[in-house]
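First the structure, in the form of structure tokens, and then the observations on it.
Numbering (this note's numbering), first residue to last: -9 to 236.
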């Protein structure tokens, strides 16, 4: 055969999972029944868009109770303040004992503390009422919804996940596992070609963005995670797809 000249390429084979670059879990800080859901799978959302509402009946009652407690504390504070100012003048004129003056002053400070506590309780109740309106923290796409209308969510121990939002599906990343014998040849910026089973007739391209230093042992083999950036302008790459990388 006639001699020809060509390129010799050293490739590393790996398998990874395609994921959005940025995802945000949307939860709730209050417990209650899901009253209404306004978004579904694959819906586009914008920042601060209303996504769901938790039943506000109990939360509204808590706000009313906090307002009533604040009015009561305010009245007690005004009375204690008046008594303290009157007692202070009489004490300065030598017409009251030091014990009466200190007692009145203590009652005044206690009423002032109760007033501040009532104000904080009202602010907390109002904040909890706002938390019943679940809003999107970012612009993105709803890729998962874990709740249904009428379902009860509880935030006693940990914040439950209601929605999962991907910020930008036109840019994806792949987390590929490369074993320790070949990780030394992987450098940032290297070109990557990969395929997915859904489009086995098409080759996609990407670049190595990062090599994580934390090892992961799989079947007694030490692997390192290589993060690959991949453009997805046509939306062919979906979250969770398995990619075969070179």
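Glycine included, every Cβ here is placed at the ideal spot set by N, Cα and C.
Cβ pair residue i, residue j closer than 8 Å
i, j, result
"residue 18", "residue 143", "yes"
"residue 139", "residue 27", "yes"
"residue 221", "residue 161", "yes"
"residue 20", "residue 110", "no"
"residue 174", "residue 198", "no"
"residue 126", "residue 53", "no"
C-alpha distance - residue i paired with residue j, whole-angstrom precision
i, j, result
"residue 229", "residue 235", "16 Å"
"residue 98", "residue 45", "40 Å"
"residue 166", "residue 116", "46 Å"
"residue 72", "residue 112", "25 Å"
"residue 130", "residue 158", "6 Å"
"residue 120", "residue 177", "48 Å"
"residue 100", "residue 50", "28 Å"
"residue 65", "residue 56", "14 Å"
Of the residues the options, the one placed nearest residue i, counting alpha carbons only
i, options, result
"residue 23", "145, 71, 134 and 33", "145"
"residue 1", "141, 185 and 172", "172"
"residue 4", "218, 122 and 37", "218"
"residue 152", "214, -2 and 14", "14"
"residue 16", "163, 188, 123 and 203", "123"
Residue(s) in a DSSP beta bridge with residue i
i, result
"residue 184", "194 and 235"
"residue 153", "16 and 135"
"residue 221", "161"
"residue 206", "213"
Three-way DSSP call (helix, strand, coil) for residue i in this model
i, result
"residue 175", "helix"
"residue 74", "helix"
"residue 81", "helix"
"residue 25", "strand"
"residue 118", "helix"
"residue 101", "helix"
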